[in-house]
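Under this note's numbering, the first residue of the sequence shown is numbered 3, with each subsequent residue one higher. Glycine included, every Cβ here is placed at the ideal spot set by N, Cα and C. First comes the structure, then the notes that go with it.
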Amino acid sequence: MSSQAFPYSPLSEPDAFRILHLQPSPDRSAPVHCTLEHSNLSKYDFDILDPYTALSYVWGDASDQRIIRVDGEPFAVTKNLHDALKCLRDNKKILSIWADAICIDQLDVLERNIQVTQMGRIYSCATHTIIFLDSSSHDLDFIIQESGDIPEKSTELSDALINKFRDLLSHFGRIMSRPWFNRVWI
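If you want it as structure tokens, here you go:
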């Protein structure tokens, strides 16, 4: 992934990091627009009034890129990150998100190394962490829908119930085999 044309402003303090403000859109197919803001982790140690969400995802194929706009500038991101931002985007309100591929200047090795050492704190200061597996939700939808039909108490296991458990386990297995669960952590 390349952020080569994007004019990052340098982070000036030891606990500085960037927050992405994802602009709203009621149109799911609309282009993704964001702004970047500098902040400090020390602010978020105690701040509950200005929350942000950390995004955990798999970068995916670096050659499969989409263009978003960050501070009005074109910015290349992987399809996975693009899909995640589109899924997260609210209809009406701006969302504050930390996503490593955008919030860290990936071409500045010194900054990248410093930010990687801060990632534990970045995630722990976030109000929420969202895990984006991919844009396909068939398996998860199936599990949610079908698990609601399982009786809370049963004295016997019918063939239908056994088959339902097999189907649920099969879908759960497909979810657990997605790349997010197998990736190498920094």
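### Query
What is the DSSP secondary structure of Asn42, counted as helix, strand or coil?
Here residue 42 corresponds to residue number 40 of the sequence shown, with the count starting at 1. Annotated three-state conformation of Asn42 is strand, per DSSP.
### Exposure label - Ile21; buried when at least 16 CB within 10 Å
Translated into positions along the sequence shown, residue 21 becomes position 19. Ile21 is buried by the Cβ-count criterion.
### Query
Where do the N-terminal and C-terminal ends of the alpha helix (DSSP H) with Arg123 fall, by residue?
Locating residue 123 in the sequence shown gives position 121, counting from the first residue. Run containing Arg123: Val111 to Cys127, per the alpha helix (DSSP H) assignment.
### Residue nearest to Thr129 in terms of C-alpha spacing, selected from Phe19, Asp169, Thr55 and Ala32
One-based indexing of the sequence shown puts residue 129 at position 127. Comparing C-alpha distances from Thr129 to each of Phe19, Asp169, Thr55 and Ala32 shows the shortest one belongs to Thr55.
### Task
Output the distance between the C-alpha atoms of Phe19 and Thr131, rounded to the nearest integer angstrom.
Position 17 of the sequence shown holds residue 19. Position 129 of the sequence shown holds residue 131. Approximately 16 Å between the Cα atoms of the pair.
### Query
If you follow the beta strand (DSSP E) that Ala56 is part of, which residue opens it and which one closes it?
The sequence position of residue 56 within the sequence shown is 54, counting from 1. Per DSSP, Ala56 is one residue of the beta strand (DSSP E) stretching across Thr55 to Tyr59.
### Task
Return the CA-CA distance between Glu39 and His23, expressed in angstroms with no decimal places.
Position 37 of the sequence shown, counted from the first residue, corresponds to residue 39. Position 21 of the sequence shown, counted from the first residue, corresponds to residue 23. Glu39 and His23 have their C-alpha atoms roughly 8 Å apart.
### Query
In the DSSP assignment, what residue or residues form a beta bridge with Phe8?
Residue numbering aside, residue 8 sits at position 6 when the sequence shown is read from its first letter. Answer is none; Phe8 lacks a bridge partner.
### Query
When the distance is taken between beta carbons, is Thr119 closer than 7 Å to Asp73?
Your numbering for residue 73 matches position 71 in the sequence shown. Your numbering for residue 119 matches position 117 in the sequence shown. Contact flag unset, no.
### Query
Measuring CA to CA, which of Leu90, Cys127 and Ala86 is closest to Lys45?
Taking the first residue of the sequence shown as 1, we reach residue 45 at position 43. Looking at the Cα atoms, Cys127 is the closest of the given residues.
#### Entry: Segment contact, 8 Å Cβ cut-off, at least three pairs: the segment 74-83 with the segment 106-122
The segment 74-83 vs the segment 106-122: no contact.
### Query
Hey, is Pro33's beta-carbon within less than 7 Å of any beta-carbon in chain C?
Annotation note: the requested chain C is absent from the structure, which comprises a single protein chain.
### Query
Should Leu57 and Ala101 be called a contact, given that it needs their Cβ atoms to be closer than 7 Å?
Within the sequence shown, residue 57 is the residue found at index 55, counting from 1. Within the sequence shown, residue 101 is the residue found at index 99, counting from 1. In this structure, Ala101 lies closer than 7 Å to Leu57 by Cβ.
### Query
If you draw a straight line from the alpha carbon of Asp29 to that of Ile99, how long is it in whole angstroms?
Within the sequence shown, residue 29 is the residue found at index 27, counting from 1. Within the sequence shown, residue 99 is the residue found at index 97, counting from 1. Asp29 and Ile99 have their alpha carbons spaced roughly 20 Å apart.
### Task
Using three-state DSSP, classify Phe104 as helix, strand or coil.
Along the sequence shown, one-based indexing puts residue 104 at 102. It is worth fixing the name first, because residue 104 is Ile in this sequence and not Phe. Of the three classes helix, strand and coil, the one that applies to Ile104 here is helix, per DSSP.
#### Entry: Between the CA atoms of Ala86 and Ile106 - distance to the nearest angstrom
Within the sequence shown, the letter at position 104 stands for residue 106. Within the sequence shown, the letter at position 84 stands for residue 86. Rounded to the nearest angstrom, the two C-alpha atoms are 17 Å apart.
### Message
Please identify the residue among Ser27, His35, Asp169 and Tyr125 whose C-alpha is closest to the C-alpha of Ile69.
### Response
Here residue 69 refers to the residue found at position 67 when the sequence shown is read from its first residue. Out of Ser27, His35, Asp169 and Tyr125, His35 has the C-alpha closest to the C-alpha of Ile69.
### Task
Give the C-beta separation of Pro26 and Arg91 to the nearest angstrom, bearing in mind that I take them to be a contact with Cβ-Cβ under 8 Å.
Walking along the sequence shown from the start, residue 26 turns up at place 24. Walking along the sequence shown from the start, residue 91 turns up at place 89. Approximately 6 Å separates the beta-carbon atoms of Pro26 and Arg91; this is inside 8 Å, confirming the contact.
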